[in-house]
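Under numbering that gives the first Met the number 0, the first residue of the sequence shown is numbered 0, with each subsequent residue one higher.
Below is one structure; the comments refer to it alone.
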Amino acid sequence: MEKESKNRQRVIDDMMALMKRSEAEGLVWCSSKTDLMEMTHILYDAELVRDAQGLPVTFQELVRRVCAIVHVAVPGNPNHLVSRARQRKGRRMLPLLARYEGMFI
């Protein structure tokens, strides 16, 4: 559980850094939309991204921003992708937080 918590914080930190990037930089997402939506939802749950009134942005707004930055079409139902991601089991595709540490060299 401690490893998952550490990886969750790493996802949050990485996503906050991504939110500071610009669409004009030409970043391109090279993994699955499911992973991107799961990472976006982890950031959403942290309630760190705020609107002009200081309220947490909606998940849909966060999805739009993240997709624009990494040049990915906004999925029709991002909540479904998050739900599907959280049901991952087995050796073929582990949950994102179980794989996240190994994504970096």
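For every residue, glycine included, the Cβ atom is placed at its ideal position computed from N, Cα and C.
No experiment lies behind these values; they were computed from the predicted model shown.
Which residue or residues does DSSP assign as beta-bridge partners of Arg98? In the sequence shown, counting from the first residue as 1, residue 98 sits at position 99. According to DSSP, which records beta bridges pairwise, Arg98 is partnered with nothing at all.
Going by the DSSP bridge assignment, what does Arg49 pair with across the sheet? Working through the sequence shown from its first residue, we reach residue 49 at position 50. Paired residues: Pro55.
How far does the alpha helix (DSSP H) with Ala16 in it reach, from first residue to last? Your numbering for residue 16 matches position 17 in the sequence shown. Start and end: Glu1 to Met18.
Got a sec, what are the start and stop residues for the alpha helix (DSSP H) Val81 sits in? Along the sequence shown, read from residue 1 onward, the residue named residue 81 stands at position 82. Pro77 to Arg85 is the extent of the alpha helix (DSSP H) around Val81.
Report buried or exposed for Met15, applying the criterion of at least 16 other Cβ atoms within 10 angstroms of its Cβ. One-based indexing of the sequence shown puts residue 15 at position 16. Exposed: under 16 other Cβ atoms inside 10 Å.
Drop a sphere of 10 angstroms on the beta-carbon of Ile104, count the other beta-carbons inside from all chains shown, and report buried for 16 or more, exposed for fewer. One-based indexing of the sequence shown puts residue 104 at position 105. With a pLDDT of only 39 at Ile104, under the threshold of 50, the placement of this residue in the model should not be trusted, and no figure is reported.
Using three-state DSSP, classify Ala23 as helix, strand or coil. As a first step, residue 23 must be located in the sequence shown, where it is residue number 24. Reduced to three states, the DSSP call for Ala23 is helix.
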